[in-house]
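Throughout the sequence shown, residue numbering follows my numbering, covering 1 to 209 in sequence.
Virtual Cβ for every residue (Gly too), placed ideally from N, Cα, C.
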Amino acid sequence: MRGRFVVLEGIDGSGKTTLARGLAGLVPDAWVTSEPTDGPLGSALRFGSLGDIPPAAEALLFAADRAVHTEQIEKDLSEGRWVICDRYLASTAAYQAAAMGEAADREWLVSMQKHSVTEPDLTILLDMDPEESLGRVEGRGLERSRFEKLGYLRAVREEYLRLASEMGFEIIDASKGRDEVLARAVELLKQKGIYASERRDLRREEQQA
Numbered sequence: 001m002r003g004r005f006v007v008l009e010g011i012d013g014s015g016k017t018t019l020a021r022g023l024a025g026l027v028p029d030a031w032v033t034s035e036p037t038d039g040p041l042g043s044a045l046r047f048g049s050l051g052d053i054p055p056a057a058e059a060l061l062f063a064a065d066r067a068v069h070t071e072q073i074e075k076d077l078s079e080g081r082w083v084i085c086d087r088y089l090a091s092t093a094a095y096q097a098a099a100m101g102e103a104a105d106r107e108w109l110v111s112m113q114k115h116s117v118t119e120p121d122l123t124i125l126l127d128m129d130p131e132e133s134l135g136r137v138e139g140r141g142l143e144r145s146r147f148e149k150l151g152y153l154r155a156v157r158e159e160y161l162r163l164a165s166e167m168g169f170e171i172i173d174a175s176k177g178r179d180e181v182l183a184r185a186v187e188l189l190k191q192k193g194i195y196a197s198e199r200r201d202l203r204r205e206e207q208q209a
């Protein structure tokens with residue numbers, strides 16, 4: 001049986017990592033992964049070591065990193081594992097459209113990736129006011145990344161909400177407590193027929209058979 005692919009999107013500090021870990025506890029052997037990846041391209045993009053490059057060029061590099069990542073995602077899904085991914089196609093569309101501003105070609109930002117990605121079973125957008133999300137980031141005692149600027153994140157949030165409307169993402173209010181956010185995500189998985197509370201036992205029986 002093919003595994004399930006769940007994608008979590010949202011601005012920095014919205015709780016994607018926390019939710020990913022919570023969802024991974026629902027099924028055995030779930031793979032929690034994220035983008036940009038830890039590979040050569042992903043690492044360079046994450047830490048800005050490529051220097052100041054145009055947003056369109058950066059979008060292509062994010063897409064290339066994702067294409068490599070998708071090969072491993074497909075492998076795990078074909079082996080029956082759940083994959084929970086922190087950021088995927090929509091993150092490039094949202095962040096790069098915000099960086100491009102009025103010059104953004106939103107259709108291109110999505111279409112240029114479509115043939116090298118896997119369709120998620122569910123995409124959840126964790127929506128949060130950027131001021132609150134940046135407060136969370138600063139509360140971790142970490143330096144802000146080059147993406148973590150208030151005005152920019154406000155634009156990214158608007159792009160995410162537009163994508164959610166166009167692409168049918170489910171939206172969760174990420175300002176709620178982590179337990180409430182997890183409960184709502186589980187509810188969505190059940191509504192979509194992706195997860196049932198009996199699944200853990202069923203998979204254990206399948207493995208023992």
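Quiz item: Does DSSP classify Ser-34 as helix, strand or coil?
Solution: strand
Quiz item: Beta carbon of Arg-162: closer than 8 angstroms to some heavy atom of the ligand SAM?
Solution: This structure simply doesn't include the ligand SAM, nor any ligand for that matter.
Quiz item: From Thr-118, Lys-192, Leu-126 and Glu-107, pick the residue whose C-alpha is nearest to that of Leu-19; which is it?
Solution: Leu-126
Self-check item: Separation of Arg-81 from Ala-155, as counted between CA atoms
Solution: 35 angstroms
Practice problem: Just tell me which of Thr-118, Glu-170, Lys-192 and Ile-172 has its CA closest to the CA of Ala-67. | Solution: Thr-118
Quiz item: With 16 as the cutoff for other CB atoms within 10 Å, does Glu-58 come out buried or exposed?
Solution: buried
Exercise. Give the secondary structure of Thr-123 by DSSP, where H, G and I count as helix, E and B as strand, and everything else as coil.
Key: strand
Quiz item: Would you call the CB atoms of Asp-76 and Val-6 closer than 9 angstroms?
Solution: no
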